[in-house]
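Colleague: Input: one structure, supplied below.
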Amino acid sequence: MRRFFGFLVTVGALALAGLVGFSLVNSWLNPEPLTIENVDGRPVITATQPALTPFSFELDNSGYDISYPQCKGALPSKYVGYAIIGLNGGKPFSENKCFQKQWDWALAKDAVAVYINTADPGDESPVRYGKKIANDTLKRLNKYDIKPGTPVWLDVETYNTWSGADRAVQVLTELAIDLTPAGYPVGIYAPPVHWFEITGNANVGMPLWLAIGPYPDVESGVVAAKAACNENAFGGKAPDMVQF
42 MRRFFGFLVT
52 VGALALAGLV
62 GFSLVNSWLN
72 PEPLTIENVD
82 GRPVITATQP
92 ALTPFSFELD
102 NSGYDISYPQ
112 CKGALPSKYV
122 GYAIIGLNGG
132 KPFSENKCFQ
142 KQWDWALAKD
152 AVAVYINTAD
162 PGDESPVRYG
172 KKIANDTLKR
182 LNKYDIKPGT
192 PVWLDVETYN
202 TWSGADRAVQ
212 VLTELAIDLT
222 PAGYPVGIYA
232 PPVHWFEITG
242 NANVGMPLWL
252 AIGPYPDVES
262 GVVAAKAACN
272 ENAFGGKAPD
282 MVQF
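Residue 42 is where the sequence shown starts when you use the numbering used here, and the numbers rise one by one after that.
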């Protein structure tokens with residue numbers, strides 16, 4: 042009888058351990074969706090940003106966006122105030138194979154930042170996928186010794202795969218709330234039409250980088266960019282930076 046009772050206890054303990062183990066694995070594979078604030082019926086993508094040290098001088102407000110498409114060409118020689126370098130090769134988890142060369146060039150500017158490619162193939166929980174992109178990004182930032190305080194822009198474009206507006210909001214929010222505690226300020230980059238299609242024009246509660254153009258010459262682009270700075274772009278706010 043004691044042996045039988047002991048057998049039942051053992052079986053029960055194993056069954057309980059199996060249930061607990063299954064529950065833990067399931068919660069890891071399928072974490073609870075994030076609770077997203079809504080304003081005017083639209084979700085808000087936001088995160089608590091780390092504190093920044095202000096510049097002690099006036100920054101030249103011109104800059105370059107450089108990434109893997111420029112790997113085979115010469116880097117610009119014209120003086121600009123800042124440079125933003127693509128960390129990936131066009132998709133999440135990919136490598137910009139000439140990042141180090143481009144980053145070394147960028148460090149000669151007064152200010153630097155990076156941008157990462159984002160997506161959502163829809164194969165798993167959007168929260169988990171956003172966390173995977175964030176973890177991969179943090180590893181790359183560490184690999185290239187990119188210090189906390191360096192802004193990280195999230196590149197949101199239809200060239201990559203997306204699986205619905207609600208999921209996109211979850212992916213991008215998870216990405217932001219994972220990167221900012223590590224000390225990296227986060228912003229959003231997108232052409233407006235891409236943002237509408239991917240997120241349903243979710244509100245943006247962080248810095249916004251707007252892409253406009255193209256224009257036939259630099260002068261026309263500068264005029265349009267200055268005008269765009271004072272207008273709502275997408276996501277319910279005016280841009281903090283305009284590219285043409």
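Even glycine gets a Cβ: it sits at the ideal position worked out from N, Cα and C.
(1) Only counting runs of 4 or more residues, tell me where the alpha helix (DSSP H) segments fall wholly within the region 100-154, in order along the chain.
(2) Would you call the region 185-201 in contact with the region 159-170, where contact means no fewer than 3 C-beta pairs closer than 8 Å?
(3) With residue 134 and residue 196 assumed to form a contact (beta carbons below 8 Å), what rounded beta-carbon distance in angstroms separates them?
(4) For residue 211, count neighbouring C-beta atoms within 10 Å of its own C-beta (all shown protein chains included) and say buried if the count is 16 or more, exposed if not.
(5) For the ligand ATP, I want to know if residue 267 counts as a neighbour, meaning its beta carbon is within less than 7 Å of at least one of the ligand's heavy atoms.
(6) Pull the bridge partners of residue 250 from the DSSP assignment, please.
(7) If you measure between the beta carbons of residue 286 and residue 99, is that distance less than 8 Å?
(8) Should residue 219 be labelled buried (16 or more other beta-carbon atoms within 10 Å of its own) or exposed?
(9) Suppose contacts are defined by Cβ-Cβ distances below 8 Å. Is residue 250 in contact with residue 225 by that definition?
(10) Rounded to whole angstroms, what's the CA-CA distance from residue 91 to residue 222? Just pull it up for me.
(11) With DSSP as the reference, label residue 203 as helix, strand or coil.
(12) Return yes when the Cβ of residue 126 is within less than 8 Å of the Cβ of residue 152, no when it is not.
(13) Roughly how many angstroms lie between the CA atoms of residue 73 and residue 213, to the nearest whole one?
(14) I'd like to confirm the pairing. Which residues does DSSP put opposite residue 183 in its beta bridges?
(15) Taking DSSP as the reference, what is the three-state secondary structure of residue 196?
(16) What does the alpha-carbon distance come out to for the pair residue 65 and residue 279?
(17) Under a three-way DSSP split, which group does residue 170 fall into?
(18) Can you confirm whether the region 260-270 touches the region 227-247 when touching is taken to mean that 3 or more C-beta pairs between the two stretches lie within less than 8 Å?
(19) Per DSSP, residue 157 is paired with what?
(20) Going by CA-CA distance only, name the one from 129, 206, 77, 207 that's closest to residue 182.
(21) Is the separation between the beta-carbon of residue 141 and that of residue 116 shorter than 8 Å?
(22) Ordered along the chain, which non-local residues of its own chain (more than five positions away) have a Cβ less than 7 Å from that of residue 283?
(23) First and last residue of the alpha helix (DSSP H) that includes residue 262?
(24) Would you kindly work out how many angstroms separate the C-alpha atoms of residue 276 and residue 245, rounded to a whole number?
Modeller: In short, the structure shows the following:
(1) Every alpha helix (DSSP H) stretch that sits fully inside the region 100-154 and reaches 4 residues is listed by chain position as 140-147.
(2) The way I'd put it, the region 185-201 does touch the region 159-170; three or more beta-carbon pairs between them come closer than 8 Å.
(3) Against the sequence shown, residue 134 aligns to sequence position 93. Against the sequence shown, residue 196 aligns to sequence position 155. Actually they do not touch by this definition, with Cβ atoms about 14 Å apart.
(4) The residue labelled residue 211 in the question sits at position 170 within the sequence shown. Using a 10 angstroms sphere on the CB of residue 211, the tally of other CB atoms reaches 16 or more, which defines it as buried.
(5) Looking for the ligand ATP in the displayed structure turns up nothing, as the structure carries no ligands at all.
(6) The residue you call residue 250 lines up with position 209 of the sequence shown. Bridge pairing for residue 250: 230, 282 [DSSP].
(7) In this structure the chain extends from 42 to 285, so residue 286 is not present and cannot be described.
(8) Taking the first residue of the sequence shown as 1, we reach residue 219 at position 178. That one is buried.
(9) Residue 250 sits at position 209 when you count from the first residue of the sequence shown. Residue 225 sits at position 184 when you count from the first residue of the sequence shown. No, Cβ-Cβ distance for residue 250 and residue 225 is not below 8 Å.
(10) For the purposes of this step, residue 91 is identified with residue 50 of the sequence shown, where counting begins at 1. For the purposes of this step, residue 222 is identified with residue 181 of the sequence shown, where counting begins at 1. If I take the Cα positions, the gap works out to 7 Å.
(11) If you number the sequence shown from 1, residue 203 lands on position 162. Secondary structure of residue 203 (DSSP, three-state): coil.
(12) The count along the sequence shown starts at 1 and reaches residue 152 at position 111. The count along the sequence shown starts at 1 and reaches residue 126 at position 85. Not in contact: residue 152 and residue 126 (Cβ atoms no closer than 8 Å).
(13) Locating residue 73 in the sequence shown gives position 32, where the first residue counts as 1. Locating residue 213 in the sequence shown gives position 172, where the first residue counts as 1. Taking the straight line from one Cα to the other gives about 15 Å.
(14) In the sequence shown, counting from the first residue as 1, residue 183 sits at position 142. According to DSSP, residue pairing for residue 183 in a beta bridge does not occur.
(15) Mapped onto the sequence shown, residue 196 falls at position 155. Of the three classes helix, strand and coil, the one that applies to residue 196 here is strand, per DSSP.
(16) On the sequence shown, residue 65 is found 24 positions in, with the first residue counted as 1. On the sequence shown, residue 279 is found 238 positions in, with the first residue counted as 1. In this prediction, residue 65 scores a pLDDT of 46, lower than 50, which makes its location untrustworthy; the coordinate-derived value is nonetheless stated afterwards. Cα-Cα distance, rounded: 43 Å.
(17) Residue mapping note: residue 170 aligns to position 129 of the sequence shown, counting from 1. If DSSP states are grouped into helix, strand and coil, residue 170 belongs with the helices.
(18) At 8 Å Cβ cutoff, the stretches do not touch.
(19) As a first step, residue 157 is located in the sequence shown; it is residue number 116 there, counting from the start. Note: residue 157 sits in a beta bridge opposite 195.
(20) Here residue 182 corresponds to residue number 141 of the sequence shown, with the count starting at 1. For the residues 129, 206, 77, 207, the minimum Cα distance to residue 182 belongs to 129.
(21) For this step, residue 141 is matched to residue 100 along the sequence shown. For this step, residue 116 is matched to residue 75 along the sequence shown. No, Cβ-Cβ distance for residue 141 and residue 116 is not below 8 Å.
(22) Counted from its first residue, the sequence shown places residue 283 at position 242. Cβ within range, chain order: 251, 253, 266, 269, 270.
(23) As a working note, residue 262 is residue 221 in the sequence shown. Start and end: 259-269.
(24) The residue you call residue 276 lines up with position 235 of the sequence shown. The residue you call residue 245 lines up with position 204 of the sequence shown. Near 5 Å, if we compare the C-alpha coordinates of residue 245 and residue 276.
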